[in-house]
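FYI, in the numbering used here the residues of the sequence shown are 959 to 1133.
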Amino acid sequence: MRISLSMTRMSLLFLFVVFTLNYHSQSDLIADTCKKTEFPEFCISTLRSNRRSASADVNGLARIVFEAGLAKATSTLNKVNLLLKKTTERILKQCLQICANVYDDALDNISQAIENVGSNNSQAVYYASEASINVEDCEESFDEEPNKRKSPLTGDNNVVDQLVNIGAAIVHPIG
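(1) Rounded to whole angstroms, what's the CA-CA distance from D1062 to L1035? Just pull it up for me.
(2) Among I1124, L1050, S1003, S1109, which one has its Cα closest to the Cα of A1071?
(3) In this structure, does DSSP put R1107 in helix, strand or coil?
(4) State the DSSP-derived secondary structure class of V1075, mapped to helix, strand or coil.
(5) Let me confirm a value: K1030 is counted as buried when at least 16 other C-beta atoms fall within 10 Å, else exposed. Which label applies?
(6) So, under 8 Å CB-CB, A1082 and V1122 are touching, yes? Tell me the CB distance rounded to an integer number of Å.
(7) In whole angstroms, give me the CA-to-CA distance for S1109 and C992.
(8) Please classify E996: does DSSP put it in a helix, a strand, or coil?
(9) Roughly how many angstroms lie between the CA atoms of N1017 and P1104, to the nearest whole one?
(10) With DSSP as the reference, label N1116 as helix, strand or coil.
(11) Alpha carbon to alpha carbon, how far is E1097 from F1024?
(12) Given a cut-off of 8 Å, decide if R1006 and I1022 are closer than it, judged by their beta-carbon atoms.
(13) Output the distance between the C-alpha atoms of L1040 and K1051, rounded to the nearest integer angstrom.
(14) DSSP state of A1102, grouped into three classes?
(15) For N1036, report the span of its alpha helix (DSSP H) as first-last.
(16) Taking the alpha-carbon positions, what's the L1111 to V1075 distance?
(17) Rounded to whole angstroms, what's the CA-CA distance from V1117 to I1049? Just pull it up for me.
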């Protein structure tokens, strides 16, 4: 009886150690991967908020970040379309129309980045760079003279831009 109880405790202890080591090694992979990016804290919080990160390799982590960027770009495009319906100001409408157009492109580019992760990482980086340019074009449309104005999308644009740049930085060293 004592032997079987002892074996059960040993088995439980063994499982606990294995799961703990696996968790720590995955946490280390996330931290090590994210510290190579321009926005390490945002990278870590993005990855740790997604339960798939726990079992992902580096390509998987990049995919997760790109998917977060795609989700944010989609919600930003929805916001742009809502603002387009609400606004009557001609110049603001023009800026928002530019954003709607470039966010359509950004969604395609981020989707292509996701598709290329693991099979052609240099293409993933290329498409991420294109998406970053798309987002910057949206932001810059509000900054043109003589009708310069504050962008209602700065925060959203920054998040999308940071996510695609994090994804690109993760896959870039892989080749």
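Using N, Cα and C, we set each Cβ at its ideal position, and we do this for glycine too.
Let me lay it out:
(1) 8 Å
(2) I1124
(3) coil
(4) coil
(5) buried
(6) The pair is not a contact, with the Cβ atoms about 10 Å apart (cut-off 8 Å).
(7) 29 Å
(8) coil
(9) 45 Å
(10) helix
(11) 20 Å
(12) no
(13) 11 Å
(14) First, the amino acid is wrong: residue 1102 is Glu here, not Ala. E1102 falls in the coil class under three-state DSSP.
(15) 1016-1044
(16) 28 Å
(17) 25 Å
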